[in-house]
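Residue numbers (the numbering used here), protein chains in the order written: chain A, 37 to 366; chain B, 4 to 272; chain C, 19 to 311. Positions of the beta carbon are idealized from the N, C-alpha and C atoms, including for glycine. Heads up, the thing below is written out as structure tokens.
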Amino acid sequence: MKPRVIFVIASFVALALYPLVAAGFGIDLITKVMIFAIVALSLELLVGGTGLVCFGQAAFFGIGSYVAVLLSPQDGPASVAWLLPAAMLAAAGYAMAVGALSLRTRGVYFIMVTLAFAQMAYYVVHDTPLGGGTDGIYLMMKPVLGERIDLDRPIILYFFTLFALILVFGFLSLLQRSRFGRALAGIRVNEQRMRATGFETYPYKLAAFTISGAIAGLGGFLFAVKDGFVNPELMSWHFSGSVLIMVILGGIGHLRGALIGAFAFALLQELFQSEAIFGAFAKHWHLGLGLAIIASVAALPNGLVGLPGQIRDRLMGRSSRRAQIEGMRG
Amino acid sequence: MSRSAIESSGASSHPRESGPLLRGQEITRRWGGLVAVNQVSLEIARGSVHAVIGTNGAGKSTLVNILSGELAPTSGRVELMGQDVTGWSQPRRARAGLGRSYQRNTIYPSFSVLENCRLAAQASTPKPWAWWQDADRCAQSIAAAHKAADRAGLALVLDREAGLLSHGQKRQLEIAMCLATAPQVLLLDEPLAGMGAEETERMLALLVELKAQHGILLIEHDMDAVFRVADCITVMVNGSVIASGAPDFVRQSPEVQVAYLGEQDLEQI
Amino acid sequence: MSLTTFLIQCLNSLQYGLLLFLVASGLTLIFGIMGVINLAHGSFYMIGAYMAFALSPIVAATLGGGFFSVLVAGVLLAILLGYVLEWIFYSYLYEREHLQQVLMTYGLILVFEELRSLLVGDDVHGVQAPEILSGTLPLGDLMTYPVYRIFISAVCMVLALGMYLVFTRTRLGMMIRAGSANREMVQSLGIDIQFLYRVVFAAGVALAAFAGMVAAPVSSVYPGMGGSVLIICFVVVVIGGIGSIRGALLAALLIGFVDTFGKVVLPQAAGVLVYVLMAVILLWKPDGLFKAG
């Protein structure tokens, strides 16, 4: 079995065993990180899988959250069986609308347009009564699945999230190997050549965009359930930036990169916010984070996933071009 | 729209072909006040190589882009096997039998040679978007890939990473990807670019082999190669055609000698 | 809406649009000529605004000057900042992919925000307009219009005209236009492209900072202002066409009008209207109104 497969399986096993050693705070934190990993995976499908740099993932995430809360009845718990698909559908719907317009643009325009459309969603929940304004909305009763799975209990939510993460990872792996996924990869490398061989590339990109939105919406649903509260900041463009950082920090072009990136980013956040290390300076943790982002993008072109390869190449004195090609594989 | 609709008349032995495979009629392209391509007409028949030559900026690339569908003409018609495809997008023309290779390599460097060809063939196989099907088990596209790679002379390097091929092999792969869609017409944009003598010979042999079954439009700067392989030559200067016909005719045409070949050493042709 | 109210809103739209143009022109120049997408451009606007606030006591104490001295000092500082930033940071971004540029400049935003937080704090501030400009002009019988806002529009128009003259009449402008069309050619002509880029970048920073300073008396100075203006600038550039100054002007004015009148006519939807406008234009012209000008 290839080392990366072992790595992934080991990670999931570790996550499954984690609650045995963790306190309540730890469970909450890792649930959050797993949710981030799901959102990062959704973005990796676009950035690493299709070559689309989307700066608006927060909108799909936020719509998933808001729909989960808005559609939950006040008097009793909703059923996950319909609430979750509804949240994902709403997020996918917005993704399809945004994608239909944004994919008419290329390159830098695309980045700017996705950012702008995400900001539009932000303003809708921020300024209109629909979103409850800046105060946000509370989720009164957390949803349940059937008789026994009550997401109100942290440990149940933890395993539900882990299960969702594994499903998403598995789905995207299958997608990568499928003909659809190969077509997306071709579009990433050279869209012109794809068109020259007969692919209508727009529907492929739109499909990828919509799927990505749905998965980010799943993350949003889980986040709303975890916190029991949603507010416009979930759709802030800073979150879109954070997800992008997770993806590039972990390593583009690898699904496990999104996992690693989410954990690494959360770790960095905790590190820079730690008063134990930085004392009073800890409240300015954005500074450390900003510098870390600049440094990691500059020094780690293939992300953390590519780090062992980079070190190996440095030690063996191979050319950096070979390292780049190897980093792009699988 | 699909290839079958156009080929239904000919199956694989093309008995009914009376007209040219590809025809461009009075194609014109303007950029504001500048005329890049001026009333250019040409035809490509099966079994022949039609070369288009001209100095840099003569409009050759623009012409090819219009024929392939990447650029819309300001006026004029493009016909593919009798059908008016002027309004068709490039992917649609590709699926209808128009293949194209590029001057700069458009191969996928991180994929294997076989995967390059397989992906190129995928759009022409039924249900190319099927997400649930494992790509490596898709028999049709794999078979088409093997065939294309074989014809292009790459049978021995199928598993090698495309980025690691020699320059000549990369140009061969560029052609192979063009062939993977089982096209009728090939638009080849400077396939010999950057090649050494031995690689050029191999590519020319390939072109001669290919021309038997396809119609080829060849853009090239290598005059030697052009005069060896072409059945018909069109010379363009500043967007207009100044001569068009058999190689001997073109060689002796006074306009061509003045405008273009005069710069070359006529002895070597 | 009465005629006077309409006129006031038109003047407001003009002022907002011209201010946006100033900021967006820097952004589109930097991208059109150096190929760098700079997310931190909004931060320069924020830096300008905070400079207007923070520098006035300092300038008053050392030079004895008022608002206009602060403007001059601020612009000089901004040019210096732009020069240094290009040298130590941005020059490394030219060869990188857009994704890397996006993330590195995003990291820079975080750094700028925290530095501002450390140096000046996180409070919201107001800045006073100078005495001679703080009057009002009568409009019709009942309404008046602040002189300062007219000053803003006037200054922006002068700057826009200045930019036009520089681009079309000077050697520098010619080099800039040539450099945006063909980098290698300009280099082979022996023009120092490094210096050219540094000048253009410093100018872009100065424009954004100046806009922030000049706008400070009419809009408050607050921490998130950089982000807000950045995203609107992106909309300007998308609508106007990247690299096109003409497009940026038209788009900025269009957005100025849509946003200002939108706030009056449909206050609930105001924040969203600009994006709806962008969506409509994208349907019609995906490359913007003017491509690479």
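A distance below 8 Å separates the beta carbons of F39(C) and A266(C).
Going by C-alpha positions, G286(A) is about 47 Å away from V283(C). I219(B) is not a Cβ neighbour of V55(B), given a cutoff of 8 Å. DSSP places D263(A) inside the alpha helix (DSSP H), whose first and last residues are T237 to D263. Taken in chain order, the whole beta strand (DSSP E) runs of length 3 or more contained in the region 123 to 177 of chain C are 154 to 157 and 161 to 164. When secondary structure is reduced to three states using DSSP, E46(B) falls in the strand class. Less than 8 Å divides the Cβ of F301(A) from the Cβ of I281(A).
Those residues of the region 38 to 52 of chain C placed with their C-beta closer than 9 Å to a C-beta in chain A are F49, ordered along the chain. Here the region 311 to 329 of chain A makes no contact with the region 91 to 101 of chain A; the two share fewer than three CB pairs at distances below 8 Å. In summary, Q212(A) is buried, with 16 or more beta-carbon neighbours lying within 10 Å of its beta-carbon over all protein chains present.
Relative to the Cα of L24(B), the nearest Cα in the group G36(B), V81(B), A48(B) and R32(B) belongs to A48(B).
Burial of T184(B) is indicated by the presence of at least 16 other C-beta atoms within 10 angstroms of its C-beta. The Cβ atoms of A126(A) and G264(A) lie no closer than 8 Å to each other. Take L248(C), set aside five residues on each side of it, and the residues of its chain with a beta-carbon closer than 7 Å to its own are L57, H59 and G60, in chain order.
Identification of chain C residues near A95(A) by a Cβ-Cβ cut-off of 7 Å yields none; the smallest Cβ-Cβ distance measures about 11 Å. Looking at the DSSP output, E73(B) sits in no beta bridge, so it has no partner there. Contact between the region 239 to 248 of chain A and the region 84 to 102 of chain C is absent: fewer than three C-beta pairs spanning the two stretches fall below 8 Å. Nearest CB-CB separation between R140(A) and chain C: below the 8 Å threshold.
Under the DSSP assignment, C251(C) falls in the alpha helix (DSSP H) whose first and last residues are M243 to G258. Between the alpha carbons of L161(B) and Y105(B) lies a gap of roughly 21 Å. CA-to-CA, the gap between L81(A) and L208(A) works out to about 8 Å.
Interface residue (Cβ-Cβ distance to chain A less than 8 Å): G125(C) is classified as such. Of all residues in the region 78 to 94 of chain B, only S92, Q93 and P94 place a beta-carbon less than 8 Å from a beta-carbon of chain A.
As a beta-bridge residue in DSSP terms, R32(B) pairs with V40(B). For M180(B), a Cβ of chain A is located within less than 8 Å of the residue's own Cβ. Just measuring C-alpha positions, the residue of T65(B), M84(B), L66(B) and R33(B) sitting nearest V188(B) is M84(B). C-alpha of M70(A) to C-alpha of Y174(A): approximately 22 Å in a straight line. T246(A) is outside the set of residues whose beta carbon lies under 8 Å from a beta carbon in chain B. DSSP places E177(B) inside the alpha helix (DSSP H), whose first and last residues are H170 to L182.
Taking 8 Å as the threshold, the shortest C-beta distance from H320(A) to chain C falls below it. The beta-carbon distance between M243(C) and G92(C), rounded to whole angstroms, is 16 Å. This is too long to meet the 8 Å contact definition. Annotation for H53(B): no alpha helix (DSSP H) segment contains it, though the beta strand (DSSP E) segment containing it runs V52 to G57. At least 8 Å separates the CB of S61(C) from every CB of chain A. The CB of Q155(A) comes closer than 8 Å to the CB of I249 and Y293 in chain C, given here in chain order.
Interface with chain B (8 Å Cβ-Cβ cutoff): T86(A) is excluded. Per DSSP, the beta bridge partners of D87(B) are E82(B).
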